[in-house]
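Peer 1: The opening residue of the sequence shown carries number 311 in the numbering used here; numbering runs sequentially from there.
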Amino acid sequence: MVRTAHMLTGDFHEAEDLVQTTLAKVYARWRRIPRDDVDFYVRRSLVNNNISRVRKRRVAHLLTPFLPERVHERHAGHADSIAQQAAVTQALAGLSARQRSVLVLRFWEDLSENEIAQLLGCSLGTVKTHVRRGLQALRTHPVFAASRTDSGHGSTASAPSPPFAQAPPSPVPGARP
Numbered sequence: 311m312v313r314t315a316h317m318l319t320g321d322f323h324e325a326e327d328l329v330q331t332t333l334a335k336v337y338a339r340w341r342r343i344p345r346d347d348v349d350f351y352v353r354r355s356l357v358n359n360n361i362s363r364v365r366k367r368r369v370a371h372l373l374t375p376f377l378p379e380r381v382h383e384r385h386a387g388h389a390d391s392i393a394q395q396a397a398v399t400q401a402l403a404g405l406s407a408r409q410r411s412v413l414v415l416r417f418w419e420d421l422s423e424n425e426i427a428q429l430l431g432c433s434l435g436t437v438k439t440h441v442r443r444g445l446q447a448l449r450t451h452p453v454f455a456a457s458r459t460d461s462g463h464g465s466t467a468s469a470p471s472p473p474f475a476q477a478p479p480s481p482v483p484g485a486r487p
């Protein structure tokens, strides 16, 4: 849960605060939560609390672009490299709270678009639009755009692409591998 919150907020300490707030609110409503939907309810609360947090801090910077070193050490196994983690965090910072939420749920939590729509209380088309626009924004983000143009092949050691930043190539009928 903290890792998901970290992907939503971009800062480990903010993520811990978000999880603490979410769990406190869930605990207060525990008797009213359907037992078969506890995971769904907690995830939705986490996302909603993050969106509320972002709205309250609209004037301030939404995310810290780079993580503290001790967080890198603690979570080094969760990304290909420290540079990739920082690049993804920086790129996610430029997205709207809703786009960031949808992308984190889709690619970090590995939820289907239908599950995300249900979780966020919006239509499937809205989720697909946020995924498309969020990925489009990530592809044009300076960190990832520079990595594709510098080498001409897709990535460099200084600014690697996250796994979801580039769409897979479309197969061409009759083409040989």
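From the three backbone atoms N, C-alpha and C, an ideal C-beta is built for every residue, glycine too. Bear in mind that the values here come from a model prediction, so they are computed numbers and not experimental data.
How should H316 be labelled, buried or exposed, when 16 other C-beta atoms within 10 angstroms of its C-beta is the threshold for buried?
Peer 2: Counting Cβ neighbours within 10 Å, H316 comes out buried, since at least 16 surround it.
Peer 1: Given a cut-off of 9 Å, decide if T332 and A311 are closer than it, judged by their beta-carbon atoms.
Peer 2: Checking the sequence shown, residue 311 turns out to be Met, not Ala. Yes, these two residues count as a Cβ contact at 9 Å.
Peer 1: Would you mind sorting G444 into buried or exposed? The rule is 16 or more other CB atoms within 10 Å of its CB.
Peer 2: Looking at its Cβ environment, which holds 16 or more other Cβ atoms inside 10 Å, G444 is buried.
Peer 1: Grab me the residues of L413's own chain with a C-beta within less than 6 Å of its C-beta, minus the 5 sequence neighbours each way, in chain order.
Peer 2: Excluding positions up to five away in sequence, the list reads G444.
Peer 1: For L415, I'd like the list of residues in its chain whose CB is within less than 6 Å of its CB, leaving aside the five on either flank, ordered along the chain.
Peer 2: Same-chain partners within the cutoff: L421, I426.
Peer 1: I'd like to know whether the C-beta atoms of T319 and E419 end up nearer to each other than 9 Å.
Peer 2: Cβ distance not < 9 Å, so T319 and E419 don't count as in contact.
Peer 1: Compare the C-alpha of S362 against each of Y351, W340, L328 and name the closest.
Peer 2: Of the candidates Y351, W340, L328, the one whose C-alpha sits nearest the C-alpha of S362 is L328.
Peer 1: Any chance the stretch 348 to 362 sits against the stretch 393 to 400, with 3 or more Cβ pairs inside 8 Å?
Peer 2: Too few Cβ pairs lie closer than 8 Å, so no.
Peer 1: Look up G435 in the DSSP assignment and say whether it is helix, strand or coil.
Peer 2: DSSP places G435 in helix when its eight states are reduced to three.
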